[in-house]
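J.:
Residue numbers (this note's numbering): 1 to 249.
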């Protein structure tokens, strides 16, 4: 009976190990997707920065046009001064020239502000472009490492499955119904069909085993199940079972 239990413990370790590796392998595409989304986020920042820069350049062109128009109007107003005949008209013309000059000065101040903003926007755009370049380079390296890990995990899974299959054949040749029972429990018990009992407690459902039943378990003379979760149980402190578990690591 000890030998049967040892084989079941080993089989459970194989299944647990395979499941762990498969879960890790399933996460790898999501890691690549997460890195890709990180780059897309930075590209969105570049798009926003470019739109802002284009808006500033458009405003600069408009302000430059307005300044040119203002200079033309001031020039025409100055030329009209020599044709004015009354003091009242002359004073009105001077006032208009002053107002046009003030508006031109305001536009020139705004133009300086825009030019400074454009310089800052161009610097920001260049920083983001450099960040994208660095992120894409890092992405290719990380993707390469992830794909390498994925391949290694796939090889490890195949190796473990081959070893598991040989173990199943050994168990089946010894007791076919035992393997069926194991697979039945594993399917209905979240992948765990065999559980150690340590200090009288099932390590899967975490409920206590009656003392008499625990004493029988220590003897290892028959296949026993947890009275609570119905999984196959074994004495977890038995070194013979520990050796089997370590063989799978």
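Every residue gets a Cβ at the ideal spot worked out from N, C-alpha and C, and that includes glycine.
1. In angstroms with no decimal places, state the Cα-to-Cα distance between residue 157 and residue 136.
2. Quick one, are the C-beta atoms of residue 147 and residue 21 less than 7 Å apart?
3. Excluding sequence positions up to five away, which residues of its chain have a Cβ less than 7 Å from the Cβ of residue 193?
4. What number of angstroms, rounded off, separates the C-alpha of residue 14 from the C-alpha of residue 160?
5. Just tell me which of 228, 229, 213 has its CA closest to the CA of residue 222.
6. By Cβ distance below 6 Å, which residues in the same chain neighbour residue 172 in space, the five residues on each side in sequence not counted?
7. Can you give me the start and stop residues for the beta strand (DSSP E) that residue 195 sits inside?
8. Relative to the C-alpha of residue 142, which residue among 121, 28, 82 is closest?
9. Can you tell which of 71, 93, 96, 118 has its C-alpha closest to the C-alpha of residue 107?
10. Would you check if the segment 46-59 and the segment 117-135 touch, i.e. whether three or more CB-CB distances between them fall below 8 Å?
11. DSSP beta-bridge partners for residue 208?
12. In whole angstroms, give me the CA-to-CA distance for residue 2 and residue 170.
T.: Answer, in terms of the structure:
1. For the purposes of this step, residue 157 is identified with residue 157 of the chain shown, where counting begins at 1. For the purposes of this step, residue 136 is identified with residue 136 of the chain shown, where counting begins at 1. Residue 157 and residue 136: Cα-Cα distance of roughly 31 Å.
2. Along the chain shown, read from residue 1 onward, the residue named residue 147 stands at position 147. Along the chain shown, read from residue 1 onward, the residue named residue 21 stands at position 21. For the 7 Å CB-CB criterion, residue 147 and residue 21 do not form a contact.
3. Counting from one through the chain shown, the residue named residue 193 turns up at place 193. If the five residues before and after residue 193 are omitted, its C-beta is found closer than 7 Å to the C-beta atoms of 12, 182, 185, 186, 231, 232, all from its own chain and listed in chain order.
4. If you number the chain shown from 1, residue 14 lands on position 14. If you number the chain shown from 1, residue 160 lands on position 160. Linking residue 14 to residue 160 through their CA atoms gives a straight-line distance of about 7 Å.
5. The sequence position of residue 222 within the chain shown is 222, counting from 1. For the residues 228, 229, 213, the minimum Cα distance to residue 222 belongs to 213.
6. Taking the chain shown and counting its residues from 1, one reaches residue 172 at position 172. Correct list, in chain order: 179.
7. Here residue 195 refers to the residue found at position 195 of the chain shown. From DSSP, the beta strand (DSSP E) with residue 195 extends over 194-198.
8. For the purposes of this step, residue 142 is taken as the residue at position 142 of the chain shown. Closest option to residue 142, Cα to Cα, is 28.
9. For the purposes of this step, residue 107 is taken as the residue at position 107 of the chain shown. The shortest CA-to-CA distance from residue 107 to any of 71, 93, 96, 118 is the one to 71.
10. Contact holds between the segment 117-135 and the segment 46-59, because three or more Cβ pairs, one in each stretch, are under 8 Å apart.
11. Numbered from 1 along the chain shown, position 208 holds the residue referred to as residue 208. In the DSSP output, where bridge partners are listed per residue, residue 208 has 201.
12. Here residue 2 is taken as the residue at index 2 of the chain shown, counted from 1. Here residue 170 is taken as the residue at index 170 of the chain shown, counted from 1. Cα to Cα, residue 2 sits roughly 15 Å from residue 170.
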